[in-house]
Structures are given as structure tokens and as C-alpha cells.
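In this text, residue positions in the sequence shown follow the working numbering: the first is 25, and each later residue adds one.
Glycine included, every Cβ here is placed at the ideal spot set by N, Cα and C.
These figures come from a predicted structure and were not determined experimentally.
First comes the structure, then the notes that go with it.
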Amino acid sequence: MENSIFDRYWKSISRASSYKYFPLIVKKIEGSRIFDINGKEYIDFLSSAALYNAGLNNDEVVTSLLEELKNMLHYTQYLYHEKSIKLAEILKEITPGTFEKKVAFELSGGAAVDIALRSSLYFSGKKLLGSFENSYHGTTYLSISVSGSFRPEIREKLN
């Protein structure tokens, strides 16, 4: 069964945005525990790349999300929204420093990295970016180009 899943995966999903470090096929996740298709249990040290830093299916988080879904979890950035303004104010307040602070909300980490990289180039006046080998910064155009974890031939085609 495992080989069938691996075969189906690579026949259907592009290698351009795939980075499989472990041959683990996940069946379910509870809190910080991952269970594979054979029932073997693992500790989730990745937290889905920090997406589930409170654990998956955390009762408190699920309850809060369900309550928020009844109101409005998110709406387009094209309109004003009280909750996004409040979150931006909190983020500005807890960010150290005395400089003028602004918040940019994005829908993915890669998009946020793109903004950060473009901003650093713009404000520094520099034209080059650096990164570490085996680093990962996202799957958008600019974030892939500085991610050392992607195959060299993919990065070379982007640069």
C-alpha cells in the first residue's frame, strides 16, 4: 500500500513544490502526535512547519475557530475589518523598537517572505539576496529562489 501511495503522489504532484524529507504517510494527527497508516505513533516536532504550534485538533483552538467561523473568520483585504485592525494594533504594540510600525497581512508564508525580501532590497538599495544551504523560505517565485532546500535545477531556472 505504501508504494502505491508514493507512486500516486509522484504521478500527480509536481516536484516543483514538493519536499518530502521523511517517507511517512500520515493517517491522522492528534495534538502533537502523528499516526501513520500502520498505526505507528510519532511525536510531531514539525508542527506542520509551525502551522499547528498549538497541536492539531486542540480542543480550545477548535472551539475558538468554530465560534469565529459563525461570525467571520476572514474576509478580503479589499475591505476594512475591525478584527484585522485590532490584530495589527496588538502586533505593533508587542513588536520591540521605537520606529514607525506597520503590519502586512498575507495569505501564505511564502508571500510574506516575498514582501520581506523585496522590502529589504528596496530599503537597503542592494540588488542581491543570500540564503543558507538547505534553507526553506516558501514556494512563491522569490521565496523559492532563495530557498536552499529546493533542487538546484529549479533554483537555477528561477534566477
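In chain order, what residues of the same chain have a beta carbon less than 8 Å from the beta carbon of Lys35, not counting five sequence neighbours either side? Closer than 8 Å at the Cβ level, and outside the excluded window around Lys35, lies no residue.
Phe30 in three-state terms, based on DSSP: It is helical.
Can you check whether the CB of Ser148 is closer than 8 Å to the CB of Tyr160? No.
In whole angstroms, what is the alpha-carbon distance linking Val50 and Glu113? Taking the straight line joining both Cα atoms gives about 38 Å.
CB Ile53 to CB Asn81, shorter than 8 Å? Their beta carbons are under 8 Å apart, which means Ile53 touches Asn81 by this criterion.
N- and C-terminal bounds of the alpha helix (DSSP H) containing Lys107: Where Lys107 is concerned, the enclosing alpha helix (DSSP H) stretches over Glu106 to Ile118.
If you draw a straight line from the C-alpha of Glu18 to the C-alpha of Pro120, how long is it? Outside the displayed range of the chain (25 to 183) lies residue 18, so it cannot be described from this structure.
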